[in-house]
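The structure appears below as structure tokens.
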Amino acid sequence: MAFQKAVKGTALIGGGAIATVFGLSQFSQYRNKHGALAQVQAAEDAPVRKDHLPSREQQILALQSSGEFDVLVIGGGATGCGCALDAATRGLKTALLERDDFSSGTSSRSTKLIHGGVRYLQKAIMKLDFEQYRMVKEALEERAHLLQSAPHLSAPLPIMLPIYKWWQLPYYWVGIKLYDLVAGSQCLKSSYVLTKTRALELFPMLRKDKLVGAIVYYDGQHNDARMNLAIALTAARYGAATANYTEVRQLLKSPGGQGGRQRVCGVRCRDVITGKEFDVRAKCVINATGPFTDSIRKMDDQEVPNICQPSAGVHIVMPGYYSPDNMGLLDPATSDGRVIFFLPWEKMTIAGTTDSPTDVTSHPIPTEEDINFILSEVRNYLGADVEVRRGDVLAAWSGIRPLVTNPDSKDTQSLSRNHVVTISDSGLVTIAGGKWTTYRAMARDTIDAAIREHNLKAGSCQTMGLQLEGAQNWSPTLYIRLVQDYGLESEVAQHLASTYGDKAFEVAKIAQVTGKRWPIVGKRLVSEFPYIEAEVVYGVREYARTAVDIISRRTRLAFLNVQAAHEALPRIVDIMAKELNWCEQKKKEQLETAKTFLYYEMGYKVKTDQLTDRSEISLVPSDIERYKKRFHMFDKDKKGFITILDVQRVLQSISVQIDENMLHEILNEVDLNKNGQVELNEFLQLMSAIQKGRVSGSRLAVLMKRAEEKLRHRQAIPVDRSGGGL
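Letter 605 of the sequence shown, counting from 1, is numbered 2022 in the numbering used here, and no numbers are missing.
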């Protein structure tokens, strides 16, 4: 009876909502259809796309010697690069400056989703908020565009919403169907309902008890840092002078406004690589610096009030076996009212995000509290037979969202992700807020405002339907040609095709010969990931200038497994040193900087904190004795510690060879006091942490266990147990 009432009530409310949304959706589609005709005509008038990508040195020279630009964009995130691409394709003389690397901030630390925002639609309907509805509608339109403009970097992803109460089924079904309806003709695939049995077939890790069924809907997923870089590279090919590691020191002003008011006319900047300072003049300066929006605005006017309220979102990465290969999970109402996504990505599993107020910083750090909150929520949805272990967190990061401040809001969770374009009295154009998915629309609105304010001569927006770097000749079967023509491993070829698109052939051409029968070319940086050494060389051509650029944005190693990234660093630095002529001191600096980045910003610190010299040993006496015996198989001399020589001796006795440098790394993971040896107490702390699930994948623990098993197997069988022999 209660279920029938719930269905009827939901149907009545849903029917009214559907009718309202349908009317708005039809009007929006009519408007967009007519707008699209103008976009097609505009695309035909776009400037010529260059085949050759200028080097960073050529871009710096262009900034210094090209005279006055029409538009100068500060900020190399998705929005800033989007603005540069929009301006360049309209024929405007365009420059872009980024003080770090492209996508080094928020744009590389997202949930990796291209979405309209299911929860924002819920708010729009519940509160009859047309602005929220319009934001969702625009985001869904932009979602379709983004999937089409870079199909090699993005794809539709089914996301499951598990239902554990009968009344929630019609409620969520109506909400998800409205989401499909708002998308209209650009709906990726229609949502559908699953029975409990079918839901468990598709997502076998799901908690079974009290499960009623599930609803599956579709959103997009992408490689965010690579997408950002593709936008920047496309802008450069259309003539924009784009330079990373170029810091804005001050805004230049000249009298010329009404009443003698000063106008922004350029910037004083510094090449971070060389230290050289120079001026760049422009008719219009655009501030697209995300969380740092207010710092640029205060360069213009110290008295201006802040318009951004930063919010920190933490994500964690876990092994791929925690989720199916092609099915995400949405927890719509966590214990504190937030939303948690649980998504497959790059053959791993992403879980997040949190949403809490924070201070603006260039180096946000994930906290143990946030990591444990996400793990706790994940445990609520996975079956009892799936042990969610703290030690399975392979990487963690925090990103700062630049939310637009609402004076009536009490917390950042209720803030809208909508964007605003403001223009100061001196003519500085600022774009703030928004979300990854709508970067193109944000850029369009910003350049439209800049053209009006500064009387620039340009046509309408050209970026609708414009294909990004790597997309023009890409096809889903492109990787097969890479395998056949170059002799790459299939996994490596698929990775290159889905990362570089049709530019994958350029990477394959510079891949080193392995000397093996197969693969013929393509030396991996680390064995368990498909990243190859040639990508480091190609990354330098894509403006990478630090080891951090390679491990976090040209490849995604740091976001997938911090230990693997740490292991790959020495080889990456060696390759970059040859390309960029680094001296030994520069190589050491790069190595240490990258290690610091992994330690603090990518979760290595909170991972290593799970095993410290103060860790409690909570083992039962029988386990302690068992682990002591294992330890003493290596510590033959009863020293109370083992060294690399002890490990090598045991490995030689069982005919196992491991590189000495690798052995140093393996012991260093457990050597808590860093004295070059592993003491018995440290080993017991390790085994205790493994039992508790705080540590997983310890190579020393696995190595010692395997060695013990082999040594026992090789012991002579006593005659009385063998039946006396022949």
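Positions of the beta carbon are idealized from the N, C-alpha and C atoms, including for glycine.
All values reported here derive from a predicted model rather than from experimental measurement.
task: Take L1628 and list the residues in its own chain whose beta-carbon comes closer than 8 Å to its own, dropping the five residues that flank it on each side.
output: The residues P1579, I1580, Y1581, K1613, A1616, L1617, in chain order, have a CB closer than 8 Å to that of L1628 in the same chain once the five nearest residues on each side in sequence are set aside.
message: Given this structure, state the Cα-to-Cα distance separating I1542 from Y1634, to the nearest angstrom.
response: If you draw a straight line from the Cα of I1542 to the Cα of Y1634, it comes to about 19 Å.
query: What number of angstroms, rounded off, separates the C-alpha of A1858 from the C-alpha of L1509?
result: 18 Å
field: Any C-beta of chain C under 8 Å from that of I2034
entry: The chain labelled as chain C is not found in the depicted structure, where only one protein chain is given.
message: Taking the beta strand (DSSP E) that N1704 belongs to, which residues open and close that run?
response: 1694-1704
task: Compute the Euclidean distance between the alpha carbons of E2077 and R2043, then round it to the nearest angstrom.
output: 28 Å
field: For Q1443, three-class secondary structure by DSSP
entry: Caution is warranted here: a pLDDT of 47 is assigned to Q1443, below 50, making its placement in the model unreliable, and the coordinate value is therefore given only provisionally. Helix at Q1443.
query: Closest to V1535 by CA distance: which of Q1481, I1864, R1934, K1554 is it?
result: K1554
- prompt: Based on the DSSP secondary-structure assignment, which residues constitute the bridge partners of A1813?
  reply: I1733
Residues near D1711 by beta carbon distance below 6 Å, same chain, minus five either side: N1723, C1725
- prompt: Do you know how far the Cα of A1505 is from the Cα of R1678?
  reply: 29 Å
- request: Have a look at G1737 and A1768 and give me their C-alpha separation to the nearest angstrom.
  value: C-alpha separation (whole angstroms): 11 Å.
task: Quick one: using the 10 Å Cβ neighbour count with 16 as the cut-off for buried, is A2124 buried or exposed?
output: By the neighbour-count rule (16 or more Cβ atoms within 10 Å), A2124 is buried.
field: At least 3 beta-carbon pairs within less than 8 Å: the stretch 1800-1814 vs the stretch 2101-2115
entry: The stretch 1800-1814 and the stretch 2101-2115 touch, with no fewer than 3 CB-CB distances between them shorter than 8 Å.
Local conformation of K1670 per DSSP, three classes: strand
- request: Mind the definition here: the stretch 1999-2017 touches the stretch 1980-1991 only if three or more C-beta pairs lie below 8 Å; say whether that holds.
  value: yes
- prompt: Is it true that the CB of L1470 sits closer than 8 Å to the CB of R1643?
  reply: Using a Cβ distance threshold of 8 Å, R1643 and L1470 do not count as a contacting pair.
- prompt: P1621 to M2121, Cα distance in whole Å?
  reply: 33 Å
message: Would G2084 and V2095 be called neighbours here (beta carbons separated by less than 8 Å)?
response: As written in the sequence, residue 2084 is Leu, which differs from the Gly given in the question. For L2084 and V2095, yes; Cβs fall inside 8 Å.
- prompt: Residues in its own chain within less than 7 Å of V2023 by CB, not counting five upstream and five downstream?
  reply: Correct list, in chain order: P1783, E1785, I1788, A1813.
message: On the DSSP letters alone, give me the boundaries of the beta strand (DSSP E) that Q1679 sits inside.
response: 1679-1688
task: Please report how far the alpha carbon of A1729 lies from the alpha carbon of E2126, in whole angstroms.
output: Near 47 Å, if we compare the C-alpha coordinates of E2126 and A1729.
Beta-carbon spacing of L1574, G1533 below 8 Å: no
task: Look at L1883 and I1648 and say whether their C-beta atoms are less than 8 Å apart.
output: Note that the C-beta distance between L1883 and I1648 is not below 8 Å.
field: Helix, strand or coil at I1713 according to DSSP, with G and I counted as helix
entry: helix
field: For L1913 and W1891, the rounded distance between their alpha carbons
entry: 11 Å
message: By alpha-carbon positions, which one of M2019, I1632, N2098 ends up nearest to Y1588?
response: I1632
Contact set for I1968: own chain, Cβ-Cβ below 6 Å, skip 5 residues either direction: L1974, A1975, A1982
query: Using the beta-carbon count (16 or more within 10 Å), is T1855 buried or exposed?
result: Under this definition T1855 is a buried residue.
field: Same chain, Cβ closer than 8 Å to D1696, neighbours up to 5 away in sequence not counted
entry: Cβ contact annotation for D1696 (same chain, cutoff 8 Å, sequence separation greater than five): L1669, G1683, V1684, R1685, C1686, in chain order.
message: Tell me which residue opens and which closes the alpha helix (DSSP H) that H2049 is part of.
response: 2038-2051
query: Out of S1843, A1849, L1845, G1844, which has the shortest C-alpha to C-alpha gap to N1835?
result: A1849
- prompt: By how many angstroms is the C-alpha of A1925 removed from the C-alpha of Q1901?
  reply: 12 Å
- prompt: Which runs of the beta strand (DSSP E) spanning at least 3 residues fall entirely within the stretch 1845-1913, listed in chain order?
  reply: 1846-1850
- prompt: With 16 as the cutoff for other CB atoms within 10 Å, does R1819 come out buried or exposed?
  reply: One point to set straight first is that residue 1819 is Pro, not Arg, in the sequence displayed. Counting Cβ neighbours within 10 Å, P1819 comes out buried, since at least 16 surround it.
task: Since I believe R1698 is in contact with F1486 (beta carbons under 8 Å), could you give me their beta-carbon distance rounded to a whole number of angstroms?
output: 7 Å
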